[in-house]
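Have a look at the structure below before the remarks.
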Amino acid sequence: MKPEQKARKEIDKLLSLAGFELRDFKDCALGDSTPNVTRNLAIREFILENGTKADYMLFVAGKACGVIEAKKFSLSLSGAENQAKNYAYTLPAHIPSYQESLPFVYTSNASEIYFTDLREPSPRSRGIFAFHTPKELLEQLNSTPLRERIQQIPPLSSQDSKVLRVCQKDAIEGLEKSLKQNKQRALIQMATGAGKTFTACNFAYRLLSIAKAKRILFLVDRNNLGKQAKKEFDNFSPSTDKRHFSEIYNVVHLETNHIPKESKVVITTIQRLYSILRGESEFDSTNEERSAFESEDKETKEVAYNPQIGIDTFDFIVIDECHRSIYGLWRQVLEYFDAFLIGLSATPSKHTLGFFAQNIVAQYDLEKSILDKVNVGYEIFRIKTRISEQGSIIEANAEFQIPFREKDTRKIGYESLEEDLEYSKADLDRSVLAPSQIRTILEAYKNKVFDLLFPERERSYLPKTLIFAKDDNHAEEIVRLAREVFNADNEFAQKITYNIGNQNPQELINAFRHSKKFRIAVTVDMIATGTDIKPLEVLIFMRDIKSASYYAQMVGRGVRSIHNDDLRAVTPNADCKTRFYVIDAVGVSESQKIDSRPLERKKGLSFKEILQQVRESMEKGEYDKDTLLSLASRLTRLELSLSKEDNARLQELNSGKSLCVLAKEILEFADSLQALERAEIAHNPLEIFTNDTFCKLLLELAKKSKIYIDEISQDSVLELGFDTQKAQNLIAQFNEFILQHRDEIAALSILYSQNYKNRHLTYEVIAELAHKLKQDSMDVPSLWNAYKLRDKGKVSKNPSKNLTNLISLVRYALKMDTELQDFAIGANARYNLWRGRCIKKGITFSPEQEEFLELIKEYIIANGFVEVKDIQEICADLGGIYRAKVIFKGSLPTLVEELSLALVG
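For the sequence shown, this note's numbering begins at 143 and goes up steadily by one.
Structure below.
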């Protein structure tokens, strides 16, 4: 069969699945040139008005509506689109059709299908997963094209804009501009806490109410995020309607595998959506509790066309928290529908940007959100201990046995070491547990949390603290030692992982949000992303993270701002949350970050399942790279956890090769798979896995893998303190800003030249400087804190909110002042000096004059400068400008000018 015939056969199959009856034109032409009105036909080799043949002519309910130009496998399709379009204009006059020229044009090589709706403004082809069903085409024929309706969306009204933050308004406007340009994919980057879901509610309402969207899918990767989204939609009211969203449109959070026809917004996990596409009638909701995008626990999701779920089911798909692996395992699930894809992400990776074709329609990063007071910033506090940095040695001693814990059962056993067991920091909590190391870190935190992190607080309630552990066993040890170190009960420190017995994780998360007693939560991945805990003020990393985007998401758990009263409700000794702290106990803030995937690709598969897959691949001669990489990762970890004797038993069966050597060979084999397909395999390291004895021993030893417990080594703190690198970078940026703009920004020019007499530092001038700084991601609190970290002892506590503190910052940066003080402190000191000079000159003031001067002084402190015309407002309660002129007589203008110069200069 020729390549074109193979393609035609596959296209026939696709059309049949979509609901079309296949016919040949020659059969129709024999006395039946007009198709039956009840039939949906795809007629092959249809002869057109000019005598040319269309590969397929589509009839819906007896009328022609579209044409398909078929090409052979692998042939590109863009060149065929104009040919197909020409067919759309040459339908014989006697053939019934929905309009004079056919509206729908397809091109296909069986592997790809491209679709063009010629009714659209500036019609452009787009790739689709399968052919539309006759019902879907009929629905399109009976309505205005979606892309034409999108063009009718008006700009946001002033009433709409009032309820939106600037970043939310920018996101909606950017998205709608992108949709009007017919861009299939759009990415909205918004920092955690900036209101991504609220923004989605707004644009979803506009798409439904104005563009008359058929249905919108809101896709999440965990069930609890779906519940949060449903709650947000239920509580949302558009600016033009007092009703809630769910009172206007049907919003459903799927708990079954049925999509209600009347639904307008469907919220579900990508796991359940995949199950629906597979045609499964039921799906276990427990599979929706764990993040699908983060875990790489199964095969890439292959999707086949399901005639029960049309590709037109959704017009728009909103993918929440799309920084995760949408570009990998779940891509086909997203690309099944002929829909616009809208991504929402706080920290998109380069893979995410690639998936959305670099079309970022709005960017609002963490730095901007901090400056806008949407979120709070953070400082890094580093704790270095001897064992954390250097590892240790468990010395062999014939008189003592070393305890170990079996990882699968947590059963304690004892073993005599024949030689010293030396372990590095990489082995910590993987093959060796050092309780003293965990205890030392927690004690260092306990001893410094109120001395250095929160010195203004009384020592009653520990700030809400989230600890990131390496795995569930590690989390278990941290919880028990935290209770011991803080001399607290079980409620004080608790584990929130996927392994917590019959407890409900969501109930534990809510308890951590609201309980005064629950102060420390220990997790691995469960609340590392996507979960808001606003009262959280401390994150402790006791595991390293290599992924840059994942690390940013984990840090993002602490950024949420919170109302002072809400914070005090759970942390009564707190006043407010102005920042949070990242305590780095393992060097996570210093390690190199990448946007790559880990070696382990099959976390959800057991070791036994991976071995079985490898044995099957040997039989077939077909190899899956992800499976091989995961096998190499498991073998390496297994060798570290086995005794010398057990490793020797395995080596004996494998020609003396250790598991690590075998793993290295497997890696090399996996990397060369593509080349091996074209060449004969000289050496296959996987042959050992056909040995039943070797595989049986591997599984036995994997079951009894253990972690040694180092009860002997005593850890100690090597170093602890704030990381000043971030502060140094911000200060350098500020200094560069001053040098670059000293002549163009009035406030900098005045301060630099100290020409206060001829040019005044008015409030407007200072506000201009503040605005320019904000555009460069700087503000008073962040700069002040940076100097406080760098120049300990020279910087006063957090300043007041007066804009004039910018004057103090610039003066300190220019080394005009040796200490950085709140402007009010310096201004009051200069005021007293001015008063002293007046007394020396023989000038004294009456009590009434003193009252006026005090108010004028406070105004200058807040605004930087005062003019005579301002006196009426400043001193209105004392008689205003008229009384001031009476008591100061003719000296008022001179006095006001002199006081401004004295306080600012």
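Ideal Cβ positions, reconstructed from N, Cα and C, are used throughout, including at glycine.
Assigned secondary structure, residue i (DSSP; H/G/I helix, E/B strand, else coil)
i, result
"Arg601", "coil"
"Thr249", "strand"
"Lys124", "What the structure shows of the chain is the stretch from 143 to 1047, and residue 124 is not part of that stretch, so it cannot be assessed."
"Leu283", "helix"
"Arg953", "helix"
"Val305", "coil"
"Ile609", "strand"
"Glu1039", "helix"
"Ser158", "helix"
"Lys151", "helix"
"Met958", "coil"
"Phe879", "helix"
"Phe864", "strand"
"Arg266", "coil"
"Glu751", "helix"
"Lys658", "coil"
"Ala313", "helix"
"Val859", "strand"
Pick from the options that is closest to residue i, judged by C-alpha positions
i, options, result
"Glu561", "Leu575, Thr832, Phe542", "Phe542"
"Leu753", "Ser775, Ser800, Leu931", "Ser775"
"Leu623", "Ser427, Ile580, Lys762", "Ile580"
"Ile887", "Leu872, Leu915, Glu996", "Leu915"
"Val627", "Pro577, Pro714, Ser573, Gly204", "Pro577"
"Ile401", "Glu389, Leu415, Ser388", "Leu415"
"Val728", "Ile981, Arg528, Lys144, Glu1015", "Arg528"
"Lys406", "Glu444, Ala353, Ile412, Thr382", "Ala353"
"Tyr973", "Ile1002, Val952, Arg932", "Ile1002"
"Val360", "Arg385, His395, Ser379", "Contrary to the premise, residue 360 reads as Phe rather than Val in this sequence. When each option's Cα is compared against that of Phe360, the closest is His395."
"Tyr198", "Glu191, Ile210, Ile189, Asn192", "Ile210"
"Lys612", "Arg150, Lys606, Val621", "Val621"
"Arg327", "Lys637, Glu781, Tyr231, Gly485", "Gly485"
"Met920", "Arg289, Asn871, Ile892, Asn940", "Asn871"
"Leu508", "Ile502, Val518, Lys526", "Val518"
"Asp571", "Asp885, Ala928, Arg977, Tyr850", "Tyr850"
"Leu893", "Gly935, Glu649, Asp959", "Asp959"
"Leu563", "Lys786, Leu995, Ser530, Glu254", "Lys786"
Where the beta strand (DSSP E) containing residue i begins and where it ends
i, result
"Met332", "327-332"
"Ala488", "From DSSP, Ala488 is part of no beta strand (DSSP E); its letter is neither H nor E."
"His395", "393-395"
"Ser534", "534-536"
"Lys848", "848-851"
"Ile237", "Premise fails: Ile237 is in no beta strand (DSSP E) and is neither H nor E."
"Phe188", "183-189"
"Gln505", "502-506"
Beta-carbon gap between residue i and residue j smaller than 8 Å
i, j, result
"Ile330", "Ala488", "no"
"Cys100", "Leu279", "In this structure the chain extends from 143 to 1047, so residue 100 is not present and cannot be described."
"Ile409", "Lys373", "no"
"Phe456", "Arg357", "yes"
"Gly1022", "Ile1029", "no"
"Asn706", "Ser602", "no"
"Val922", "Leu962", "no"
"Leu164", "Ala184", "yes"
"Gly204", "Pro238", "yes"
"Ala342", "Cys309", "no"
"Arg932", "Ile880", "no"
"Ile949", "Phe965", "yes"
Residue range of the alpha helix (DSSP H) that includes residue i
i, result
"Phe596", "That residue, Phe596, is in no alpha helix (DSSP H); it is neither H nor E in DSSP."
"Arg972", "965-982"
"Leu709", "706-712"
"Met696", "690-697"
"Tyr1001", "989-1005"
Strand pairing of residue i, partner residues [DSSP]
i, result
"Pro545", "Tyr556"
"Leu359", "Val408, Ile459"
"Gly519", "Arg721"
"Gly208", "Leu200, Phe246"
"Thr258", "Val247"
The ligand HEM heavy atom lying under 7 Å from the CB of residue i
i, result
"Leu840", "The ligand HEM is absent from the structure shown, which contains no ligand whatsoever."
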